[in-house]
Each structure stands twice: as C-alpha cells, then as structure tokens.
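As structure tokens, the structure follows; a few thoughts come after it.
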Amino acid sequence: MYDATISIVLALIAVIGTTIFHLEALMLVGRFERKSRHPRILVPAVLTLVIAAHLAEIAGYALIYWLADKTFDIGYFTGQLRTPGIKGATDRPVAPD
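Per my numbering, the sequence shown starts with residue 63, numbered consecutively.
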C-alpha cells in the first residue's frame, strides 16, 4: 500500500508539474514571438525554446523515476519484478520478449 501511495503522489507531481511548466514555457514563447519582428529569427528561436522546454520536462520525469528507484525503492530499471509479500514470488530478471 505504501508503494502504491508514493507512486500515485509522484505521478500526480509529474503530470501537474509538467503541465504547469509547459504552459509557462509556451506563454514565454508567446511573449518572445510578439517582440520579434524578423521571421527568419523567429522560427528557429521558437523551435529552440519549445525543444528546450520538452527536454526540461524529460529531465523532470527522469528525476522522478530516479527518486522512485533510489530514494523510495519502489521499482527497478533493470527489468526485475519486485513483489514483496506475495507467497512464492521472487525478485528475478524478466525474460525479454
């Protein structure tokens, strides 16, 4: 139950945080767009800002996955199953498909 609660909280933080961050980034791009006059500078600048925002969001999700693995110990990155408390279950590598 503890792992599920932490997972839900981390997921909500990730979704709400990246949604707010994305909105703020797009509003910043909009302000930049209104100030710029030259389209040859505008298009690459807007694309660069949007890609940078997406990379920052990806880094945020990576941080949350890292916290889930290292700090809260609620999962693995190695393809192992974690099933404590279930009779007959073991931590073993998952066979690739």
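Even for Gly, the Cβ is constructed at its ideal location relative to N, Cα and C.
None of these values were measured; they are calculated from a predicted model.
Per DSSP, reduced to three states, the secondary structure at Phe134 is coil, with no helix or strand assignment. In the three-state reduction of the DSSP assignment, Arg102 falls in the helix class. If you check the CB distance, Gly122 and Gly79 come in under 8 angstroms.
With 16 or more other CB atoms across the displayed protein chains lying within 10 angstroms of its CB, Ala130 is buried. By the CB criterion at 8 angstroms, Leu72 and Ile126 fall inside the cutoff.
With respect to the 8 angstroms criterion, Glu119 and Val108 are not classified as neighbours on the basis of their beta carbons.
In this model, Tyr64 and Arg102 are separated by some 53 angstroms (Cα to Cα). Contact annotation, Ser98 with Leu104: C-beta distance approximately 5 angstroms; criterion of less than 8 angstroms satisfied. Per DSSP, the continuous alpha helix (DSSP H) segment holding Leu72 begins and ends at Tyr64 to Lys97.
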